[in-house]
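Top line first, the protein sequences correspond to chains A and B. If you're matching positions, the first sequence starts at 1 in the numbering used here and goes up one per residue. If you're matching positions, the second sequence starts at 1001 in the numbering used here and goes up one per residue. Even glycine gets a Cβ: it sits at the ideal position worked out from N, Cα and C. Since the model is a prediction, treat every value here as computed from it, not as a measurement.
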Amino acid sequence: AQSVTQLDSQVPVFEEAPVELRCNYSSSVSVYLFWYVQYPNQGLQLLLKYLSGSTLVESINGFEAEFNKSQTSFHLRKPSVHISDTAEYFCAVKVYNAGNMLTFGGGTRLMVKP
Amino acid sequence: DTGVSQDPRHKITKRGQNVTFRCDPISEHNRLYWYRQTLGQGPEFLTYFQNEAQLEKSRLLSDRFSAERPKGSFSTLEIQRTEQGDSAMYLCASSLAGVRIEKLFFGSGTQLSVL
């Protein structure tokens, strides 16, 4: 069975500083990888996904994540965060060609301070 | 596109009572998912439907839990004889099958508190 570990439950950071949210997964088969974001009082929204091809994927609001197969990681980064990035971020995997279940990590709360 | 809506937003019940939650997906979406999220944890998959057929069920879904999607539109999740361990946020998501990788749209959830 697959699993996802988000190593940091909370990440406090000052506005305009860079941030990295870590995600490691475990799976014996190929997976697709996702980052979801949950803003306060809203539902989860897809931020970005890795399916195949280039290991670096980007979102429209400046986040990027890099798939590292050897380290089984999919860390999320942003070079300069904004107050509006304050949210909970969830890493998730889906096993290739094996149903539609997403397995989520425990989440990382990003707290951007002015 | 009005998004995925869930009702109620909050539910407080006493142990042993039955509760039912409703999810209305995005209208053209043919897949509907239920997830459960406890405090400090990520969402855990419970079950999913394609149209009215329930295609996958997690081992987390005990006999006390039942989900339906009778006409392939809205869905209900019922928990019978609730226990304190059932306290959680119940999330619904919908998607459109047939694309290479589907995109799930989540509702804001129903927060269940069992006293």
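**Study point:** Under 9 Å between C-beta atoms of A/Y25 and A/C91
**Key:** yes
Exercise for review: Using the DSSP secondary-structure output, state which residues sit across from A/L56 in a beta bridge.
Suggested key: A/E66
Check your understanding: Can you find a C-beta in chain B that's less than 9 Å from the C-beta of A/N41?
Key -> yes
Practice item. Compare the C-beta of A/Q45 with all C-beta atoms of chain B and state if any pair is closer than 9 Å. Key: yes
Practice item. Pull out every residue of the segment 1077-1094 of chain B whose Cβ sits closer than 7 Å to any Cβ of chain A, in chain order. Key: Listed by position along the chain: nothing, the set is empty.
Check your understanding: Taking 9 Å as the CB-CB cut-off, is B/P1025 touching chain A?
Key -> Answer no: the Cβ-Cβ gap between B/P1025 and chain A never drops below 9 Å.
Check your understanding: Mind pulling the chain B residues with CB within less than 8 Å of A/F90?
Key -> G1042 and P1043
Review point. Using a threshold of 8 Å, is the CB atom of B/Q1017 nearer than that to any non-hydrogen atom of the ligand ATP?
Key: The ligand ATP is not part of this structure, which contains no ligands at all.
**Study point:** B/Y1048 vs B/Q1041 beta-carbon contact at 9 Å
**Key:** no
Practice item. Return the chain-ordered list of same chain residues with a C-beta closer than 8 Å to the C-beta of B/S1075, the five sequence neighbours on each side being excluded. Key: R1022, C1023, P1025, L1032, W1034, F1049, A1067, E1068, R1069 and C1092
Exercise for review: Please compile the residues from chain B whose C-beta is within a distance smaller than 8 Å of the C-beta of A/M111.
Suggested key: Those do not exist, as A/M111 stays about 15 Å from chain B at its closest Cβ, beyond 8 Å.
Exercise for review: Provide the residue(s) that pair with A/M111 in DSSP beta bridges, ordered along the chain.
Suggested key: A/P12
Check your understanding: Cβ of A/F104 less than 9 Å from any chain B Cβ?
Key -> A/F104 counts as touching chain B.
Practice item. List the residues of chain A that B/E1056 touches, going by C-beta distances under 9 Å, in chain order. Key: G99, N100 and M101
Point to revise | Simplified DSSP assignment, three categories, for B/S1113 | key: Note: B/S1113 maps to strand in three-state DSSP.
Review point. When the distance is taken between beta carbons, is A/L21 closer than 9 Å to A/L56?
Key: no
**Study point:** Endpoints, the beta strand (DSSP E) within which B/C1092 is located
**Key:** Looking at the DSSP string, the run of the beta strand (DSSP E) that includes B/C1092 is A1088 to S1095.
Exercise for review: Output yes if chain B places a C-beta closer than 9 Å to the C-beta of A/V4; else output no.
Suggested key: For A/V4, the nearest CB of chain B lies under 9 Å from its own CB, placing it at the interface with that chain.
Point to revise | Beta carbon of B/L1039 nearer than 9 Å to that of B/L1060 | key: It is not a contact, given that the beta carbons lie outside the stated cut-off.
**Study point:** Proximal residues of chain B, C-beta to C-beta of A/G107 below 8 Å
**Key:** G1040, Q1041 and G1042
**Study point:** At least three beta-carbon pairs within less than 8 Å, the segment 74-89 of chain A to the segment 28-39 of chain A
**Key:** yes
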